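Before any comments, here is the structure.
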Amino acid sequence: MNRKLIDFTTHLVDECLPGKSIDCVIIGYEEQQLKVLLLKWKYEDVWCLPGGFIQKDEDMDQAAQRILEERTGLKSVYLNQFYTFGSIERSRLHEEVQLTRMRHMLEELHGKNEKFLTWITQRFITTGYFALVDIRKSNPRLDMLSERCKWTSFCNLTGLMMDHEEIIQKAMEHLRIQLNYLPIGISLLPQKFTMQDLQKLYESFLKKPLERSNFQRKMLKLGIFNRHEKRLTGAANKAPYLYSFDERKYNELIEKGIGFRY
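Numbering (my numbering), first residue to last: 589 to 850.
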């Protein structure tokens, strides 16, 4: 008998808040594409966001950090709360699928656990958190509920569990709004990058091309970059300068905000 699974289901019913959950949208950038971290459910062929439940004795932000670490192994990730999903349809539309999924899991318990089934299939309101991370420095691992994890392009988000695609799209909407008053990139780009690299990143978020000279003028005006004398090697024509973020000035600007429109 899977003792860990028994302890897990008992803990959920006894120690976690009923009807409330957290889902984490972890976004990275690779090969000029935005990607999101997904987990494959162990008991059925479906992909989902790293998510979990809030213990009765912890704050929401604490719960989000704990859930992300337990589900993926990622630690010390700066998570931002962005939206709460409370449509009555989010559970109703998937109730039968959820029941089937949980019964498959309970087969490992060598019997039924109706108390857990009732708890897990009730209506849930979930709060979304997002984080921007460096894929090259992230090494997610599997938990006992998952059999695979992968970074998935935003172009390939189909067939996800429940309303997880909607949660991801809402996180992106929130980030696009943030681009107007907060800088991004320090967690997504290499330590040294070109202005073109930065522009490609912004275009990935905004889903539209930006005019090069206007974008660079706006960015350099922020005063958050160090320009390096060594230029990008192997570039055609005149090699562009390499830049890096001045972390102190970057964080100061995060506090103060900017006022751009793209």
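C-beta atoms are modelled at their ideal positions from N, C-alpha and C, and glycine is treated no differently. As the structure is a computational prediction, the values presented were derived from the model and not from experiment.
Exposure label - residue i; buried when at least 16 CB within 10 Å
{"i": "His752", "result": "buried"}
{"i": "Ile765", "result": "exposed"}
{"i": "Lys844", "result": "exposed"}
{"i": "Thr714", "result": "buried"}
{"i": "Cys743", "result": "exposed"}
{"i": "Phe718", "result": "buried"}
{"i": "Gly747", "result": "exposed"}
{"i": "Thr598", "result": "exposed"}
{"i": "Lys592", "result": "exposed"}
Under 8 angstroms between C-beta atoms of residue i and residue j
{"i": "Arg729", "j": "Thr660", "result": "yes"}
{"i": "Arg711", "j": "Ile676", "result": "yes"}
{"i": "Ala652", "j": "Leu662", "result": "no"}
{"i": "Leu789", "j": "Gly773", "result": "yes"}
{"i": "Glu658", "j": "Asp722", "result": "no"}
{"i": "Leu786", "j": "Leu767", "result": "no"}
{"i": "Leu720", "j": "Ile615", "result": "yes"}
{"i": "Lys630", "j": "Leu733", "result": "yes"}
{"i": "Lys758", "j": "Tyr671", "result": "yes"}
{"i": "Val624", "j": "Thr709", "result": "no"}
{"i": "Leu626", "j": "Cys737", "result": "yes"}
{"i": "Glu761", "j": "Lys628", "result": "no"}
Simplified DSSP state of residue i, which is helix, strand or coil
{"i": "Ser734", "result": "strand"}
{"i": "Gln620", "result": "coil"}
{"i": "Tyr838", "result": "helix"}
{"i": "Ala652", "result": "helix"}
{"i": "Phe712", "result": "coil"}
{"i": "Lys818", "result": "strand"}
{"i": "Asp611", "result": "strand"}
{"i": "Phe641", "result": "strand"}
{"i": "Lys780", "result": "coil"}
{"i": "Leu662", "result": "coil"}
{"i": "Asn668", "result": "strand"}
{"i": "Tyr631", "result": "coil"}
{"i": "Ser792", "result": "helix"}
{"i": "Thr740", "result": "strand"}
{"i": "Ser801", "result": "helix"}
{"i": "Ala759", "result": "helix"}
{"i": "Leu808", "result": "helix"}
{"i": "Leu767", "result": "coil"}
is_contact[residue i, chain B] using C-beta, thresh 8 angstroms
{"i": "Val721", "result": "Protein chain content of the structure displayed is limited to a single chain, and chain B is not contained in it."}
Nearest to residue i (by Cα), restricted to the options the options
{"i": "Lys809", "options": "Lys788, Lys837, Pro797, Cys636", "result": "Lys837"}
{"i": "Leu777", "options": "Met648, Phe833, Lys806", "result": "Phe833"}
{"i": "Ser726", "options": "Tyr769, Glu702, Ser775", "result": "Ser775"}
{"i": "Met807", "options": "Met648, Tyr769, Lys826", "result": "Tyr769"}
{"i": "Leu763", "options": "Arg591, Glu632, Asp602, Gln669", "result": "Gln669"}
{"i": "Glu603", "options": "Glu835, Trp707, Asp649", "result": "Trp707"}
Proximal residues to residue i (C-beta, below 8 angstroms), its chain only, five neighbours per side dropped
{"i": "Ser792", "result": "Tyr617, Gln620, Gln621, Leu622"}
{"i": "Pro771", "result": "Leu810, Ile812, Tyr838, Leu841, Ile842, Ile846"}
{"i": "Leu605", "result": "Phe641, Ile642, Gln643, Lys644"}
{"i": "Leu830", "result": "Lys780, Phe781, Thr782, Arg815, His816, Lys818, Arg819, Leu820"}
{"i": "Val665", "result": "Ile614, Gln653, Leu656, Ala719, Val721"}
Residues of its chain near residue i, where Cβ-Cβ distance is below 6 angstroms and the 5 sequence neighbours each way are ignored
{"i": "Val634", "result": "Met749"}
{"i": "Glu646", "result": "none"}
Other residues of its chain near residue i: CB distance less than 7 angstroms, five sequence neighbours each side excluded
{"i": "Ile755", "result": "Asp611, Val613, Leu637, Phe673, Gly716"}
{"i": "Gln784", "result": "Pro828"}
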